[in-house]
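J.: Let me give you the structure first, and then I'll get to my questions.
Number of protein chains: 2
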Amino acid sequence: MKRTIISAAIVMLSGLALAQTPAADEPIQPIQRAVNIDLGMVELGKKLYFDPRLSKSGFISCNSCHNLSMGGTDNIPSSIGDQWQQGPINAPTVLNSSLNLAQFWDGRAGDLKAQAGGPIANPGEMAFTHTLAIGVLESIPAYVREFKLVFGKDKIDIEQVTAAIAEFEKTLVTPNSRFDQWLLGKHDALTKTELEGYALFKDSGCVACHNGAAVGGNSFQKMGLVEPYKSSVAAEGRSAVTGQDADRFNFKVPTLRNVELTYPYFHDGAANTLTEAVDTMGRLQLGKKFTKEENAKIVAFLKTLTGDQPNLILPILPPSSDSTPRPTPFAK
Amino acid sequence: MKRTIISAAIVMLSGLALAQTPAADEPIQPIQRAVNIDLGMVELGKKLYFDPRLSKSGFISCNSCHNLSMGGTDNIPSSIGDQWQQGPINAPTVLNSSLNLAQFWDGRAGDLKAQAGGPIANPGEMAFTHTLAIGVLESIPAYVREFKLVFGKDKIDIEQVTAAIAEFEKTLVTPNSRFDQWLLGKHDALTKTELEGYALFKDSGCVACHNGAAVGGNSFQKMGLVEPYKSSVAAEGRSAVTGQDADRFNFKVPTLRNVELTYPYFHDGAANTLTEAVDTMGRLQLGKKFTKEENAKIVAFLKTLTGDQPNLILPILPPSSDSTPRPTPFAK
């Protein structure tokens, strides 16, 4: 009996050793669960994330375009804003966005907190102002109490709002994909085809930009490196932030985590399928024409990057009070 | 010890007797939890309820206008449809809608299943067609498998879609409001003011229409009985269904369950607050001008009708496949 226990312990220890070795050797690391989380802020941030009263219309919330039922995106090429305005760029996924080196395709926000205030006040998105949004929140007694509980202050301000939303977003990581299980030592987590796809992904050079825990998100790179990318949208990426001509068409490399769920692809959402995206990337970024078989293997690998999706209780929002300013969805 | 158990049993029994007596004597009955539920259909229906791919734009789902975070409504006077079209009438709450004698303000759908197909194909709402919606669902392998599991058929059809959504909606009842606790024998569940409000609600005649488990929803009544109701919307209610002139301005009496959450009020959403709604109803339906104090008491009673809100895990929707027709949010 004692021997059995010791053997089991040795097996477990060697399993642990195995579990840690592959990740260390590979250019992609497993997604870690969120740490140092303030649960009070998370619960408040979740409500705010789902609350359309942060928009002029009372209809658009963060979750409208970064829909947590759909890979943290809206699955359309460009988002729908106030009055059905067409957005200028594809909505990036909110999943694992805490791992990005900066937020937005051009990295103009340094972190999630800086990002969260943007869409609320963007006339083409939620079309509100921070002042009006705070006015709404301060008129809702249950929000006033919850902000006070979480932040210990008598007044709500936009810094608290964006901090709470960012804290909630930090929890939106997707560990435990089959690929991560493989990285952590579960050798049969991937099929032969998927492993061949991963080998191609590395050997062809995709991994030069798509690496790290998020398989991307950690650098800006030129879209159209070998061949220019022809886009129907005007966005020129990083140069809008730096003012440098050299940064034209430099975009943040998107994460490939959950990429099966985050179609359509690229900053303009022009590629509807992974097959098309892999083909375009090969040609434009690597000067490489993947065969149909190679493409299918890479796609098979990419689909192993889908992790555990957020397991959320839908928040119940506190009701407006008699003094809450009402949304104006149809006023121009 | 034995005596204690017997005494406890007697207390429980008498508690039970008490629990059943008030409800039987009152014109309002407690909300019952859902029974005879097919959980496979419910889970499928929940996904469909949250899936914007049932709309032309890929942006609007059932939950957009019947938002389960917000009392099963959108909290705006009239809903936003495809291309930001303004809806003709206020979106009624989906909560406890299984208790309604018919669906829609004019009762044109006999039950939830008949209702569920309406918005999908309404050009002013989701602006899709049943055929196109089925085409989308049939292109998504995980949906194909789930429909087959639930309905045992090889083909998906609109009858299955609406049956699943209706089954999910049957679960959206809100028992356990403070008022129901009182009905069931918890004598201290209501304050003196709330009880006085309930007495006024009964004695003034509100209860003539707002009765039963849903506190409404079980008859059609004329809006503007004593004084005509002046509305900015064109809807004339039940006459659109019956063709009878006598039915003009007859609308389904809305449920008052969760009425604190389902603002704005009336078929045109013209009343922003409960105070205003109670005042208007008193004058137009009962020929009665409530004092400020009476009005406040009735409002206090109405707020005790908020029950347990749906406690839902946000569904994760199965991804589209390469062959799924893509939404066309910006195509006219």
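Chains as they are written, first to last, in our numbering: chain A, 596 to 927; chain B, 596 to 927. We put the CB at the ideal spot given by N, CA and C, even for glycine. Source: prediction; values computed, not measured.
(1) Check each candidate in Pro718/B, Asp701/B, Gln710/B and name the one with the smallest Cα separation from Gly682/B.
(2) Please compile the residues from chain A whose C-beta is within a distance smaller than 8 Å of the C-beta of Glu855/B.
(3) What residue range does the beta strand (DSSP E) around Phe937/B cover?
(4) Counting only beta-carbon atoms, is Thr870/A nearer than 9 Å to chain B?
(5) What whole-angstrom Cβ distance do Leu909/B and Gly666/B have, given they're in contact under 8 Å?
(6) Is the Cβ of Ala612/A closer than 9 Å to any Cβ of chain B?
(7) With DSSP run on the structure shown, which of helix, strand or coil describes Phe815/A?
(8) Pair every Cβ in the region 655 to 675 of chain B with every Cβ in the region 688 to 698 of chain B, then say whether three or more of these pairs are closer than 8 Å.
(9) My understanding is that Thr850/B touches Gly811/B, with C-beta atoms under 8 Å, so please give their C-beta distance in whole angstroms.
(10) Do we get a CB-CB distance below 9 Å when we pair Pro905/B with the residues of chain A?
(11) For Asn662/B, which residues does DSSP report across the bridge?
(12) By the three-class DSSP mapping on this structure, what secondary structure does Arg598/A have?
(13) Can you tell me whether Arg628/A is buried or exposed, with buried defined as 16 or more other CB within 10 angstroms of its CB?
(14) When burial is assigned at 16 or more other CB atoms within 10 Å of the CB, is Thr923/A buried or exposed?
(15) On the DSSP bridge assignment, give the partners of Ala866/A in chain order.
(16) For Asn890/A, would you say it is in contact with chain B, using Cβ-to-Cβ distances shorter than 9 Å as the test?
(17) Within the 9 Å Cβ cut-off, does Phe774/A reach chain B?
(18) Once DSSP output is grouped into helix, strand and coil, what is the label at Ser918/A?
(19) Would the region 792 to 809 of chain B and the region 673 to 682 of chain B be scored as touching if the rule is three or more Cβ pairs under 8 Å?
(20) Which chain B residues sit within Cβ distance under 8 Å of Asn717/A?
(21) Which bits of chain B does Phe796/A rub up against, with CB to CB less than 7 Å?
(22) Taking the CB atoms as reference points, tell me whether Ala895/A and Trp700/A lie closer together than 9 Å.
(23) Give the DSSP-derived three-state secondary structure of Ala704/A in the structure shown.
(24) Among residues of its own chain, excluding the 5 on either side of Gly819/B, which ones have a beta-carbon nearer than 7 Å to its beta-carbon?
(25) Short check: CB of Val821/A to CB of His862/A, under 9 Å?
(26) Quick check on DSSP: helix, strand or coil for Gly807/A?
(27) Taking only beta carbons into account, state which residues of the region 640 to 654 of chain B come closer than 9 Å to chain A, listed in chain order.
(28) Residues in the same chain with beta-carbon distance under 8 Å from Ser814/B, minus the five sequence neighbours each way, listed in chain order, please.
(29) Over what stretch of residues does the alpha helix (DSSP H) that includes Leu793/A continue unbroken?
(30) Could you please give the first and the last residue of the uninterrupted alpha helix (DSSP H) stretch that includes Pro736/A?
(31) Measure how close the beta-carbons of Leu649/B and Ala728/B come, nearest whole angstrom, since I'm counting them as under 8 Å.
(32) May I have the straight-line CA-CA distance separating Glu741/A from Ile655/B, to the nearest angstrom?
(33) Beta-carbon within less than 7 Å of Tyr860/B's beta-carbon, same chain only, minus the 5 sequence neighbours each way: which residues are those?
(34) Going along chain A in order, which residues have a C-beta closer than 7 Å to the C-beta of Pro924/B?
(35) Could you check if Gln839/B is buried or exposed, using at least 16 other CB atoms within 10 Å of its CB as the buried criterion?
(36) Buried or exposed: Leu744/A, going by 16 or more other Cβ atoms within 10 Å of its Cβ?
T.: Taking the structure as given:
(1) The sequence position of residue 682/B within the second sequence is 87, counting from 1. Ranking Pro718/B, Asp701/B, Gln710/B by Cα distance to Gly682/B puts Pro718/B first.
(2) Against the second sequence, residue 855/B aligns to sequence position 260. What Glu855/B touches in chain A: Pro914.
(3) Outside the modelled stretch of chain B, which goes from 596 to 927, sits residue 937/B, for which no answer is possible.
(4) By one-based count along the first sequence, residue 870/A stands at place 275. With 9 Å as the cut-off, Thr870/A counts as an interface residue toward chain B.
(5) Here the question's residue 909/B lines up with position 314 in the second sequence. Here the question's residue 666/B lines up with position 71 in the second sequence. About 17 Å; that fails the 8 Å criterion.
(6) Indexing the first sequence from 1 puts residue 612/A at position 17. Confidence at Ala612/A is low in this model, with a pLDDT of 43, below 50, so the placement of that residue should be treated as unreliable; the coordinate-derived value is given next. Cβ-Cβ to chain B under 9 Å: no for Ala612/A.
(7) Taking the first residue of the first sequence as 1, we reach residue 815/A at position 220. Looking at Phe815/A - three-state DSSP - the assignment turns out to be strand.
(8) yes
(9) For the purposes of this step, residue 850/B is taken as the residue at position 255 of the second sequence. For the purposes of this step, residue 811/B is taken as the residue at position 216 of the second sequence. Rounded, the Cβ-Cβ distance is 4 Å, consistent with contact.
(10) As a first step, residue 905/B must be located in the second sequence, where it is residue number 310. Chain A, which has a Cβ nearer than 9 Å to the Cβ of Pro905/B, makes this yes.
(11) Position 67 of the second sequence holds residue 662/B. DSSP output for Asn662/B lists Thr668/B as bridge partner(s).
(12) Counting from 1 along the first sequence, the entry for residue 598/A is found at position 3. In this predicted model, Arg598/A has a pLDDT of only 48, less than 50, meaning its place in the structure is not dependable; the value taken from the coordinates is given anyway. Residue state, collapsed to three classes: helix.
(13) Taking the first residue of the first sequence as position 1, residue 628/A is located at position 33. The residue is exposed, with fewer than 16 neighbouring Cβ atoms inside 10 Å.
(14) The residue you call residue 923/A lines up with position 328 of the first sequence. Exposed, by the Cβ-count rule.
(15) Here residue 866/A corresponds to residue number 271 of the first sequence, with the count starting at 1. Answer is Tyr860/A.
(16) Walking along the first sequence from the start, residue 890/A turns up at place 295. Not closer than 9 Å to any Cβ of chain B, the Cβ of Asn890/A fails to qualify, so no.
(17) Translated into positions along the first sequence, residue 774/A becomes position 179. Not closer than 9 Å to any Cβ of chain B, the Cβ of Phe774/A fails to qualify, so no.
(18) Within the first sequence, the letter at position 323 stands for residue 918/A. DSSP places Ser918/A in coil when its eight states are reduced to three.
(19) no
(20) Within the first sequence, residue 717/A is the residue found at index 122, counting from 1. Simply none; closest approach about 17 Å.
(21) Position 201 of the first sequence, counted from the start, is the residue given in the question as residue 796/A. Residues of chain B passing the Cβ test: none, with the nearest at roughly 19 Å.
(22) Residue 895/A sits at position 300 when you count from the first residue of the first sequence. Residue 700/A sits at position 105 when you count from the first residue of the first sequence. Cβ distance not < 9 Å, so Ala895/A and Trp700/A don't count as in contact.
(23) The residue given as residue 704/A occupies position 109 in the first sequence. It is a strand residue.
(24) In the second sequence, residue 819/B corresponds to position 224, counting from 1. Hits under 7 Å: Phe844, Leu879.
(25) Counting from 1 along the first sequence, the entry for residue 821/A is found at position 226. Counting from 1 along the first sequence, the entry for residue 862/A is found at position 267. No, the pair does not count as a contact, with Cβ atoms beyond the cut-off.
(26) As a working note, residue 807/A is residue 212 in the first sequence. Three-state result, Gly807/A: coil.
(27) Lys642, Phe645, Asp646, Pro647, Arg648, Ser652, Gly653, Phe654
(28) As a position in the second sequence, residue 814/B is number 219, starting the count at 1. Around Ser814/B: Leu696, Cys804, Lys847, Val848.
(29) Walking along the first sequence from the start, residue 793/A turns up at place 198. Correcting the residue identity first, residue 793/A is Tyr in this sequence and not Leu. That run of the alpha helix (DSSP H) goes 787 to 798.
(30) On the first sequence, residue 736/A is found 141 positions in, with the first residue counted as 1. Start and end: 736 to 746.
(31) Taking the first residue of the second sequence as position 1, residue 649/B is located at position 54. Taking the first residue of the second sequence as position 1, residue 728/B is located at position 133. Contact flag correct, Cβ pair sits at about 5 Å.
(32) Position 146 of the first sequence, counting from 1, holds the residue named residue 741/A. Position 60 of the second sequence, counting from 1, holds the residue named residue 655/B. Each residue's alpha carbon lies about 30 Å from the other.
(33) On the second sequence, residue 860/B is found 265 positions in, with the first residue counted as 1. For Tyr860/B, where only same-chain residues beyond five positions count, the Cβ hits under 7 Å are Ala866, Ala872.
(34) As a first step, residue 924/B is located in the second sequence; it is residue number 329 there, counting from the start. Within chain A, the residues near Pro924/B are Ile671, Ile675.
(35) As a first step, residue 839/B is located in the second sequence; it is residue number 244 there, counting from the start. The residue is exposed, with fewer than 16 neighbouring Cβ atoms inside 10 Å.
(36) The residue given as residue 744/A occupies position 149 in the first sequence. Flag for Leu744/A reads exposed.
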